[in-house]
Structures are given as C-alpha cells and as structure tokens.
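Position in the sequence shown (from 1) plus 37 gives the number in our numbering. A virtual CB, placed ideally from N, CA and C, is assigned to each residue, including glycine. These figures come from a predicted structure and were not determined experimentally.
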Amino acid sequence: MPKIRLRDGLGEVKLKYLCEDTDRHGNVRIYVCKPGHKKIRLKETPGTRAFLDEYYAAINNRSSVQEPKGTKRYSPEKDSLRWLCVQYYKSAPYRELGERTRYVRKSLLDRICEKDGDKPYALMEPRHVRARRDQNADRPEAANAMVKALRQLYGFAIEYDLATTNPAKDVPYLKSHSEGFHSWSMEELSKFEDRHAVGSKARLALALTGC
C-alpha cells in the first residue's frame with residue numbers, strides 16, 4: 038500500500054488504490070484505480086491537505102469541488118455509523134482538536150466507514166471492535182489508533198445522548214514493541230525538495246513511499 042508523506046512534516050499516511058503513469062512530456066500523473074470504478078486522476082500536489090481531500094473524494098465516488106446550488110447530495114442514513122461520524126465532525130469536541138489530530142482521526146473513522154459505514158452504530162459491540170483491532174495485529178500502532186478513534190467517537194455519542202454504551206471503552210490496546218522510524222525534519226525535507234524538482238521521479242518517490 039503506497040504511503041504519502043505529509044508536506045507539513047508531521048508524518049505519513051498509507052493510501053490504497055493509487056497508480057501512476059508518465060505523459061509524453063515526462064510529467065508523472067497519479068490516479069485512484071479502484072477496482073470496478075473508472076480511473077480518476079488526482080491533480081493536487083501529493084502530501085498536501087488538498088491532495089488528501091481529492092483522494093478521499095475519489096475513493097468515495099464524490100466530487101471534491103463544491104457542487105452547484107440545487108444539486109442533490111448524498112446524505113448518510115440516520116443512525117448509521119457514517120451518520121454518527123458526520124455528527125461528530127460537526128461537534129465542538131471534534132472542532133476543538135488540533136488540525137493534525139482532526140485529520141488523523143477523521144482518516145481513521147472514514148476508513149472504518151468504507152466497510153461498515155452503512156451499519157447501525159448502536160449495534161456495534163466490543164467483539165466487533167476487537168475483531169477490527171486483531172485484523173491489524175501486525176501493525177499494533179494502527180490497531181490502537183483505530184480503537185482510540187472509536188472510543189472518542191462513542192464518547193461523543195454518549196455525551197450528546199446518541200448512545201448509552203461505548204463498545205470500544207473496554208477493548209484494550211495491543212502492546213507495541215516497535216521503536217518506530219526516523220521521520221525527516223522540515224530542514225531535511227526542504228533540502229530534498231530544493232534538490233529535486235516537482236514532477237521528478239525522486240519527488241514522486243518521496244510522495245508515495247515517504248522517507
């Protein structure tokens with residue numbers, strides 16, 4: 038799964054369904070190639086928030102640009118997990134988070150909704166959370182981040198009288214023995230970008246695989 042390094046220097050995020058080709062002028066073009074769907078070209082700069090917004094819009098089959106007035110937009114069914122997430126994104130507890138925290142949490146919850154977004158959120162039980170956690174047992178940091186995101190989501194639901202129980206609250210985190218990987222500093226990233234022009238193979242490698 039390709040990894041996109043964030044341009045703000047705060048890490049990287051793994052993205053599915055990406056592919057690329059090069060036009061006759063040597064410019065690298067990046068696409069979302071989701072099975073069973075039309076290939077969609079991504080035009081924003083890799084690693085930026087605009088690129089990620091465009092990517093998530095593409096994999097969810099919706100436009101990232103503002104639609105004209107009067108256009109009927111998709112609205113998740115009330116009481117679905119996706120609907121609950123939408124309510125959370127509008128809430129004060131979510132908006133009070135730092136920008137980076139909001140982005141990471143939304144990415145995690147949106148990923149869960151790709152598979153289970155249409156299911157009733159009230160039917161989620163600890164065994165469902167444990168199953169999702171265990172699917173990522175080889176990546177304990179990712180598994181724990183998913184559990185934490187669900188804890189916060191259902192904590193919001195309880196506070197706003199949308200739920201009475203938190204199915205993730207008593208699901209323990211996995212032990213992590215990873216020492217992690219070195220993340221480039223802003224100075225290191227700037228030096229690399231000064232040396233390699235936008236559109237070069239080196240810059241594409243930085244965007245897709247990180248460092």
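Open item on the list: Between which two residues does the alpha helix (DSSP H) holding Y68 run?
Closed with: That residue, Y68, is in no alpha helix (DSSP H); its beta strand (DSSP E) goes V65 to V69.
V69 at chain B interface by Cβ criterion, 9 Å: Note that chain B does not occur in the displayed structure, where there is just one protein chain.
Q: Starting from D58, follow the beta strand (DSSP E) in both directions and report where the run begins and ends.
A: Start and end: L55 to T59.
Cα separation between A205 and H74? 33 Å
Assigned exposure category for A186 - 16 Cβ within 10 Å defines buried: buried
Note to self: Here's a check: name, in chain order, each residue in its chain whose Cβ is nearer than 7 Å to the Cβ of Q210, leaving out the five neighbours to either side.
What the structure shows: According to the sequence displayed, residue 210 carries Tyr and not Gln. Excluding its 5 nearest sequence neighbours in each direction, Y210 has C-beta neighbours in its own chain below 7 Å: N181 and V184, listed in chain order.
ask   = I67: buried (16+ other C-beta within 10 angstroms of its C-beta) or exposed?
value = buried
Limits of the alpha helix (DSSP H) - the one that L187 falls within:
P177 to E196
Just checking, does the region 128-137 make contact with the region 168-179 on the three C-beta pairs under 8 Å criterion? no
Notebook entry, point to check: Nearest-angstrom Cα distance between T138 and N97?
Noted result: The straight-line gap from Cα to Cα measures roughly 22 Å.
- Query: How is K80 classed by DSSP in three states: helix, strand or coil?
  - Reply: coil
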